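A.B. asks:
Numbering (our numbering), first residue to last: 38 to 81.
Given below as structure tokens:
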């Protein structure tokens with residue numbers, strides 16, 4: 038993650054690759070992220 042100098046603002050990057058199937062993550066919430074990329078590439 039990142040933070041500002043005072044440490045009162047932080048940012049974390051989620052990892053959608055861990056949320057594409059039940060085996061690798063608690064949910065499949067990350068799957069739409071990857072399917073939208075694939076759809077965009079196919080339709081380009």
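By construction, the Cβ of each residue, glycine as well, lies at the ideal position given by its N, Cα and C atoms. Treat the numbers as computed from the prediction; the structure is a model and nothing was measured.
According to DSSP, simplified to helix, strand and coil, what is residue 79?
C.D. replies: Note: residue 79 maps to helix in three-state DSSP.
A.B. asks: From the DSSP output, read off the bridge partner residues of residue 40.
C.D. replies: 47, per the DSSP bridge assignment.
A.B. asks: So, residue 56 versus residue 66, is the Cβ gap smaller than 7 Å?
C.D. replies: In contact: residue 56 and residue 66 (Cβ atoms closer than 7 Å).
A.B. asks: In chain order, what residues of the same chain lie with their CB nearer than 8 Å to the CB of residue 75, ignoring the 5 residues before and after it?
C.D. replies: No residues qualify anywhere along the chain.
A.B. asks: For residue 52 and residue 79, I'd like the C-alpha separation in whole angstroms.
C.D. replies: Distance between the alpha carbons of residue 52 and residue 79 is about 23 Å.
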